[in-house]
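Notes for the one structure printed next.
2 protein chains.
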Amino acid sequence: MKKADKVWLEKTFDELASYGRAEKGITRLPYTKEAIAAEEYIIKVMKEQGLDVWRDGLGNIFGRRRGKNDVLSPVATGSHIDTVIEGGDYDGTVGVIGALEALRMLEGEELERSIDVIVFMAEELTSFGFANVASKLMVGGSFTKDFYARVENEETGFFAALKGVGYDPENYKSAVLAKDAYKAFIELHIEQGRVLYDAGEKLGVVECIAGASRYKVTVEGRPDHSGATPMGSRRDALVAASKLVLAIQQAGFDHADQGIVATVGMMEVFPGAVCVIPGKVVFSVDIRGVEEESLSSTRHQFAEAVREIAEIDGVNITVDVLTIEHPTPMAEGIVDMLAGEAAATGAPWRRMNSGAGHDAMYMAEIVPTGMLFVPCYEGISHNPEEKAEMDDIALGVEVLAKTLKKLANTH
Amino acid sequence: MKKADKVWLEKTFDELASYGRAEKGITRLPYTKEAIAAEEYIIKVMKEQGLDVWRDGLGNIFGRRRGKNDVLSPVATGSHIDTVIEGGDYDGTVGVIGALEALRMLEGEELERSIDVIVFMAEELTSFGFANVASKLMVGGSFTKDFYARVENEETGFFAALKGVGYDPENYKSAVLAKDAYKAFIELHIEQGRVLYDAGEKLGVVECIAGASRYKVTVEGRPDHSGATPMGSRRDALVAASKLVLAIQQAGFDHADQGIVATVGMMEVFPGAVCVIPGKVVFSVDIRGVEEESLSSTRHQFAEAVREIAEIDGVNITVDVLTIEHPTPMAEGIVDMLAGEAAATGAPWRRMNSGAGHDAMYMAEIVPTGMLFVPCYEGISHNPEEKAEMDDIALGVEVLAKTLKKLANTH
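Residue numbers (our numbering), protein chains in the order written: chain A, -8 to 402; chain B, -8 to 402.
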């Protein structure tokens, strides 16, 4: 097999990064002209490589390297090239450009199965209120009513955006994949965390993608005058919210051994004046884990804290469930195959979980799926400073190429 | 002496409330057309009462009831009629309309000293980044550079607003009062807290106006991915900020017996996304008290908490001092005089402190000053639901009138 071509990789990352580059980082929101230009660039590269290229009813791009045996279901790999607002060069793109380089490395090899590179639309959360919109629809999963209501929203929804660039959203079901459409799916991605970076490791073979439970919490107290209200007469919503933030962190720590993380990322304080005791605080909770049991135990600890703090502090606390996602284990056979190839490189590597969500989470519902991580600088992602070393990407591409080759020759 | 006329009071509150009334509450920001119309209304009422009316170089309104002896310095009373955005009918106005009614009650009485009703401009914090701008300038105090910089700001400053309505800000020193300008100053005001309301008391004689120390605190951690960053690898700025909120509350409780209150009213979390660990949190701290010693001890406890939490949580915490105001004791003689008249009403009353700031704080720098509170419904203030009973206002006006009379006849 050829070696990964770092010069070609670097050039291709640079060229792709020119689409949507602004003063700070890269912004390619799905179905905008920046994203469309980037997609056309990727299609051009696919065609130069001799792939058969098509797009489905949602705009997802497929580039196929034909195998010898058209009867066998193909192997698939890929990721996304849309970004958050002011995102970086590597999130998603490593799994698309890396997949194309892996196919280039396989040029001249005789493979039984075809290999598809898939570029998923609308992976990021930014535009439509949900992440992974296209992959969710592709696997025809039964998602919440809220998901469909938002997807179908006539002004801000995914379907409206689709229509805006000439797709007929009525046809979205044509994009649903058959259960046996693929033999396997592998997504190469930057870790988006600092585990590999801090440990100086080069490859992470994902065993499970964490399930996220997300909540909107509203704490209601009483917005009294900060100067005129004695300490004992207060119902301070921010004091209660602060206790809850610490209780949520404690619940995370108590289950950290089981891979739980718990975060309050967003918080708004009302009325938000120096001289007014906060009467209302709204915040988000994001609990993730890879085992149902520890997720459930963490959620329970959170619910208990809500009950206790509401009682002790005399505030009303309302918890709205935004999402309850289950953990998604990767297919054992593929994990072992990736692990074998990772070990064979001689580079330091580990088996690990993915705290971040990926299209692989949804593909796993219908296809045996695996994920491979490469480190990124300080774990920074969704940020102009996102950075991955070309050596590390090349190593990941080599493991990907070898695994794809094995899978493509597996009956 | 005549009794307070509740019908006249009610009618006058209603008429004044028509200036600046919007969908929610009343908005009369200083030097806007709503405020000017309200000022013209008050001037009309003053003239109907036969007062000599003039305005100083800052627009402060003076209405004088002439006494027999022009050589003696007058007694003064008054408050403000500007409001916060969507404020209520009673904050400030009780001390202006109440003063006019007190003078009406004194009609026909022979008094040695003149009595001035003062309507202070720009009492509220909303417009210029500082509260009590006019009274600060009137007493010629030496305030911070920041105060003068903001007052003089060419776009948003107090002087720019003054200029916009035809005053020459260059002349502001003409509004500075002489040290012996007044024999005494008394401000009647709603409590803006729930102490009197909760206790069912009708009058509060203020012994001291709390001094406020205000800070802007910035906590800097690291904005990592909420899913991909294990609990032990985090530098969560919101977790540290939450600890600090609770430490500040504890410092308040520890000094509550000495009248301390401590509040975090404003907080902003950055980047403020569900899936990002907060990298930065900015919040306000407002510590108030009536004794230098307990204020200093509370500030010390806050500073210790900052140091400890920064060290334990591995975050940077910066504390910017916005204001350090000293407590302002009211003049003992006037406090005793008000207390005597309050007791004489037979209604339940108390001596108390004012947690809120008032123009009386600044007048006290050059004039023996007192304050009298009447209760307001549930302590609600700076809000469309602000409400005071006409019976309670009338009682306050009677105590005010009797005290003014005594002072006006004191040599």
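Quick reminder that beta carbons are idealized off the backbone N, C-alpha and C, glycines included.
The structure presented is a predicted model; accordingly, all values stated were derived computationally and were not measured.
First through last residue of the beta strand (DSSP E) which encompasses Ala253(A): Per DSSP, the unbroken beta strand (DSSP E) holding Ala253(A) starts and ends at 252 to 254.
With 16 other Cβ atoms within 10 Å as the buried cut-off, status of Ser165(A): Sixteen is the threshold: since fewer than 16 other Cβ atoms of the shown chains lie within 10 Å of the Cβ of Ser165(A), the residue is exposed.
Secondary structure, alpha helix (DSSP H): runs of 4+ residues fully inside the region 139 to 207 of chain A: Scanning the region 139 to 207 of chain A from its first residue to its last, the whole alpha helix (DSSP H) runs of 4-plus residues come out as 149 to 155, 186 to 190.
Distance, Val358(A) Cα to Lys170(A) Cα: Here the alpha carbon of Lys170(A) sits roughly 7 Å from the alpha carbon of Val358(A).
For Asn307(A), the residue or residues it bridges with in DSSP: BP columns for Asn307(A) point to Glu211(A).
Chain-order list of residues whose beta-carbon lies under 6 Å from that of Asp383(B) (same chain, five-residue window excluded): Lys193, Val365, Pro366, listed in sequence order.
Inter-residue CB distance, Arg226(A) and Asp304(A) (contact presumed, cutoff 8 Å): Contact holds; Cβ gap of about 7 Å.
Chain A contact for Thr147(B) (CB, 9 Å cutoff): Cβ-Cβ to chain A under 9 Å: no for Thr147(B).
Rounded straight-line distance, which links the Cα of Leu94(A) to that of Asp(-4)(A): Distance between the alpha carbons of Asp(-4)(A) and Leu94(A) is about 12 Å.
Euclidean distance between Cα positions of Glu283(A) and Gln249(B): In a straight line, the C-alpha of Glu283(A) is about 51 Å away from that of Gln249(B).
Selection from Ile200(B), Cys266(B), Lys396(B) that minimises the alpha carbon distance to Ala347(A): Nearest C-alpha to Ala347(A): Cys266(B).
Completely contained beta strand (DSSP E) runs for the region 356 to 383 of chain A, where each covers 3 or more residues: For the region 356 to 383 of chain A, whole beta strand (DSSP E) runs of length 3 or above, ordered along the chain, are 360 to 365.
Chain-ordered neighbours of Phe244(A) on chain B, where CB pairs are closer than 9 Å: Within chain B, the residues near Phe244(A) are Met222, Gly223.
For Met112(A) and Gln40(A), the rounded distance between their alpha carbons: Whole-angstrom Cα-Cα distance: 22 Å.
Validate contact between the region 97 to 111 of chain B and the region 139 to 152 of chain B using beta carbons, cut 8 Å, 3 pairs: No: fewer than three Cβ pairs fall under 8 Å.
Residues that His246(A) bridges to, as DSSP identifies them: His246(A) pairs with nothing; no bridge assigned.
Contact the region 230 to 242 of chain B vs the region 233 to 250 of chain A: 3+ CB pairs below 8 Å: With a cut-off of 8 Å, the region 233 to 250 of chain A and the region 230 to 242 of chain B count as touching, because enough Cβ pairs lie within range.
Residue span of the beta strand (DSSP E) that contains Glu335(B), given as start and end: Strictly speaking, residue 335(B) in this sequence is Ala, with Glu absent from that position. In the DSSP assignment, Ala335(B) falls outside any beta strand (DSSP E) and within the unbroken alpha helix (DSSP H) covering 323 to 335.
Distance between Phe261(B) and Glu259(A) (C-alpha atoms, nearest Å): Cα-Cα distance, rounded: 11 Å.
Short CB-CB distance (under 9 Å) between Met258(B) and chain A: For Met258(B), the answer is yes, since a Cβ of chain A falls inside 9 Å of its Cβ.
Neighbour flag for Phe383(B) against chain A, beta carbons, 9 Å: The question names Phe, yet the displayed sequence has Asp at residue 383(B). Not one beta carbon of chain A lies nearer than 9 Å to the beta carbon of Asp383(B).
Three-way DSSP call (helix, strand, coil) for Lys234(A) in this model: Here Lys234(A) sits in helix by DSSP.
Thr319(B) at chain A interface by Cβ criterion, 9 Å: Not an interface residue.
Ser64(A) - containing alpha helix (DSSP H), residue span: DSSP places Ser64(A) in no alpha helix (DSSP H); its state is neither H nor E.
Unbroken alpha helix (DSSP H) run spanning Ile34(A), endpoints: Here the alpha helix (DSSP H) through Ile34(A) covers 24 to 39.
Closer than 9 Å to chain A by CB, Ser372(B): True, the Cβ-Cβ gap to chain A drops below 9 Å.
Neighbour flag for His402(B) against chain A, beta carbons, 9 Å: No, His402(B) does not count as interfacial toward chain A.
Reduced DSSP secondary structure (H/G/I, E/B, other) of Ile300(A): DSSP places Ile300(A) in helix when its eight states are reduced to three.
Helix, strand or coil at Thr220(A) according to DSSP, with G and I counted as helix: Secondary structure of Thr220(A) (DSSP, three-state): coil.
Own chain partners of Thr254(B) with C-beta closer than 6 Å, once the 5 adjacent residues on each side are dropped: So the qualifying residues of the chain are Asp277.
Any C-beta of chain A under 9 Å from that of Arg19(B): Arg19(B) does not count as touching chain A.
Through-space distance from Asn307(B) to Glu211(B), alpha-carbon basis: In this model, Glu211(B) and Asn307(B) are separated by some 5 Å (Cα to Cα).
Leu386(B) versus Lys393(B): straight-line alpha-carbon distance, rounded: Between the C-alpha atoms of Leu386(B) and Lys393(B) there is a straight-line separation of about 11 Å.
C-beta neighbour in chain A for Ser118(B), strict 9 Å: Chain A contact via Cβ: absent.
Sub-9 Å separation of Ser78(B) and Ile17(B) beta-carbons: The question names Ser, but residue 78(B) in the sequence shown is Gly. Cβ distance < 9 Å, so Gly78(B) and Ile17(B) count as in contact.
C-beta neighbour in chain A for Ser345(B), strict 9 Å: Flagged as an interface residue toward chain A: Ser345(B), by a C-beta distance shorter than 9 Å.
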